[in-house]
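Here UniProt numbering is used: the first residue of the sequence shown is 1, the next is one more, and so on.
To start, the structure under review is shown below, and the notes come after it.
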Amino acid sequence: MAPVAAEEDDVPRLRNTRSRATRRQPGLQELLRTVRGRGNEQDSKGRSHCSRSAPASPSSERDQRMKRRRKMIEADHSCEDGEEKVPEKMNEGEEEEEVSSAPSSPLHMPLLPFKFSGYDSDGQEILEPPDMDIVDAYQKRREEFEEKRARQLSLPTLNSSKSLCLSDPKLLDIYEPAKKAVLGAAKFILGLSSSIGGKPLAHCSGFLVDWDETRKKGIVMTTSDIICSKSSLDCWSGEDEYSPNAEVYVHLLDDTTVEARLIYSQTHYNLALFEIALETPGELPTFSSRVDRAQHIFMLGRDENLYPRISHGRVLYSNPYLCDRHHYMYVSSAIPEFGLGGLVIDLKGKVVGMTGLIHAFIPSSVILKCLKLWHKFRCIPRPQLGVKLWAIKFLDLPHIEMILRKTHICDGLIVKEVSEGSILEKLGVRIGDIIECLNGERIYDTIQLEELLLELCEGHFDNGNGLNSTLEMAVVLFHIRKGAQSIKKLTANVSENGEVVKRGVFFVAGPTCEEIPNLAPLGKGALREEGWAGDSHIPTADGASASVPLDQVGPGDPQIPTAEETSTSRPLDQVEPVYSYHIEAKLCYRPPCADFSISAIAKQGAFSILLGKNRLSEGSQPQACTGSQDHNHRVT
1 MAPVAAEEDD VPRLRNTRSR ATRRQPGLQE LLRTVRGRGN EQDSKGRSHC SRSAPASPSS
61 ERDQRMKRRR KMIEADHSCE DGEEKVPEKM NEGEEEEEVS SAPSSPLHMP LLPFKFSGYD
121 SDGQEILEPP DMDIVDAYQK RREEFEEKRA RQLSLPTLNS SKSLCLSDPK LLDIYEPAKK
181 AVLGAAKFIL GLSSSIGGKP LAHCSGFLVD WDETRKKGIV MTTSDIICSK SSLDCWSGED
241 EYSPNAEVYV HLLDDTTVEA RLIYSQTHYN LALFEIALET PGELPTFSSR VDRAQHIFML
301 GRDENLYPRI SHGRVLYSNP YLCDRHHYMY VSSAIPEFGL GGLVIDLKGK VVGMTGLIHA
361 FIPSSVILKC LKLWHKFRCI PRPQLGVKLW AIKFLDLPHI EMILRKTHIC DGLIVKEVSE
421 GSILEKLGVR IGDIIECLNG ERIYDTIQLE ELLLELCEGH FDNGNGLNST LEMAVVLFHI
481 RKGAQSIKKL TANVSENGEV VKRGVFFVAG PTCEEIPNLA PLGKGALREE GWAGDSHIPT
541 ADGASASVPL DQVGPGDPQI PTAEETSTSR PLDQVEPVYS YHIEAKLCYR PPCADFSISA
601 IAKQGAFSIL LGKNRLSEGS QPQACTGSQD HNHRVT
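Okay, here's the thing in structure tokens:
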């Protein structure tokens, strides 16, 4: 807006560098307060300094023009999802420029018509607010503008990306092949959601693995977490709970949702298969059975709006965590949100696995063997060994060198945990032992072990066996405690349930009377080492008191009253002291079968004192001390 011409004396000196951005415009709330505060003032004063004068009575032609504009605006706001309706054909003779000036499509932002009234002392323009009816109209049009803008931003061409993994500068050298691989594999990713009794349970991803043209049915694979109602931190604990009757829905890429029926769940490998109605054949992904450590991979998933979620990482040289199963491979970054059950691809767009944990995935070599078993036998069996294992080759280099130097073994699986009552525990396998070979094949890591176990089950079932049968295997072991190698034949149970591996436990009980050792007299040197020295005054048979060195006093001395003699009903202050030497003792345990307490068991310089119940301080009760509960008693 060009400045209004004025005399130099009437207008403060202006800064020529001022722009429209520096003009002082009142806020909307301030504007409303100003306009509403005017009251009836403008009716009495006519044209006010703070408002516009009322417009003249419009002509009939202008009324018709405003009605046409109003119809166009109503038609514009009745459109959904940002689509614009074509206005009705104008009557002959109407001006085309009137149509182009209407605030319809393209979207126009409403503005308040402020009135320029001069400059303030800082040289900024002063804009006076419009009338209240204009402000009310502005508020309405502003809300309409925001609604339409929101519809526009929901269009695919305007909805910005929520996954920025490819914008990482570290991926500039692989950007083009990565973009091609991700776009090629995204068409396989489906969304899944589950609920129990209307309460949401989980939302994850999945992909199609089979389609029956005759039945028009498709099979979707995902993680069994979609029906997991209770999970534990340790996958081996057996405390996870699943709800097979949960309601599961698959969200297809054409924005349709179909109900899914659970046909199989393998909780050990964290796999679930669902059947859905599918009229047209969906595209099936191509699997690659090879995935290398340090390889670039991309993890794909879909959120609740079917928006793709992508994250990038590299395969780590890592052993499985002790709380995770053996068939996982770990990634340098977390999977994307809603990515559980999604695909893991390489730079060629080949599927190398399925995400199963927040930081790990199941390699396609295991998935393909599981699918083969399910297609042949309608189940995925696995021999249960009852151990947790680590591969030597994934340990730190100094650790590998030490094992090689001590055992001359550079490959194999170290036993990290042995389940109580398992077949390997019964064969003498202990924590720290090394499994070198299984059925004549050398084992290098846990992924190879799982592949071999699945192959053995396939041959076992081909021979006519089934679930809950036994499978015989030969294992080459190195016993680290004996430093010797042995070959063991084990018979493992074949099951499709999740294997449970738990270390044996037992409850600690107090010693019995037979387990309490005889108390030996303490030597004089032991007393001095503990900083205690002196004599003990022991009463004699005639009632006199004799001073005897402490190292000559023993609990079996006939001059010392027995427990029966000292355990009387006399008051505590009338009981003569057995020892006149004062020490501080800690009451540790009182056997329930005896009428005395043990304060400390002496071994090599520590005190051993046998006390009667009435030798404790008045008000104290003999009891067992556990943990950090220490009861100090002054013994006289």
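Even for Gly, the Cβ is constructed at its ideal location relative to N, Cα and C.
Note that the structure is a prediction, hence the values are computed from the model and not measured.
Take the alpha-carbon of glycine 483 and the one of phenylalanine 506: they are about 29 Å apart.
Residue pairing by DSSP places aspartate 212 opposite Lys217 in a beta bridge. Counted as a single uninterrupted DSSP element, the alpha helix (DSSP H) harbouring lysine 140 occupies residues 132 to 153. Within the same chain, and ignoring the five residues on either side of leucine 171 in sequence, the residues whose Cβ sits closer than 7 Å to its Cβ are Ala178 and His312. In the structure shown, phenylalanine 298 adopts extended strand secondary structure according to DSSP, grouped into three states. Counting along the chain, tyrosine 249 sits inside no alpha helix (DSSP H); it lies in the beta strand (DSSP E) bounded by residues 247 to 251.
A distance below 8 Å between beta-carbons, with the five flanking residues on each side excluded, links isoleucine 392 to the following residues of its chain, in chain order: Ile400, Ile403, Ile409, Cys410, Asp411, Gly412, Leu413, Ile414 and Ile434.
Collapsing the DSSP output to three states places lysine 426 in a helix.
Between tyrosine 328 and glutamate 441, the alpha-carbon positions lie close to 21 Å from each other. Contact check for arginine 314 and serine 332: beta-carbon distance about 5 Å, within the 8 Å limit, so the pair qualifies. Counting the other CB atoms within 10 Å of its CB gives isoleucine 431 a total below 16, which places it among the exposed residues.
Contact between the region 213 to 231 and the region 270 to 277 is established, with three or more Cβ pairs separated by less than 8 Å. Membership of methionine 402 in the alpha helix (DSSP H) is indicated by the continuous run 397 to 407. Rounded to the nearest whole angstrom, the C-alpha separation of leucine 385 and tyrosine 330 is 23 Å. Secondary structure at phenylalanine 377: helix, using DSSP grouped into helix, strand and coil. If you draw a 10 Å sphere on the C-beta of proline 244, you find fewer than 16 other C-beta atoms in it, and that means exposed.
For tyrosine 119, the uninterrupted beta strand (DSSP E) run begins and ends at 115 to 119, by DSSP. C-alpha of arginine 378 to C-alpha of leucine 252: approximately 26 Å in a straight line. Three or more Cβ pairs closer than 8 Å define a contact, and the region 364 to 383 meets that threshold against the region 458 to 467. Rounded to the nearest whole angstrom, the C-alpha separation of glutamate 283 and glutamate 213 is 13 Å. Between the region 227 to 243 and the region 338 to 345, the count of C-beta pairs closer than 8 Å stays below three; the two stretches do not touch. Proline 381 places its beta carbon 8 Å or farther from that of glutamate 259. Collapsing the DSSP output to three states places glutamine 124 in coil. Glutamate 472 places its beta carbon less than 8 Å from that of threonine 491. In this model, valine 429 and leucine 477 are separated by some 8 Å (Cα to Cα). The shortest CA-to-CA distance from lysine 230 to any of Glu146, Ile219, Met221 and Leu201 is the one to Leu201.
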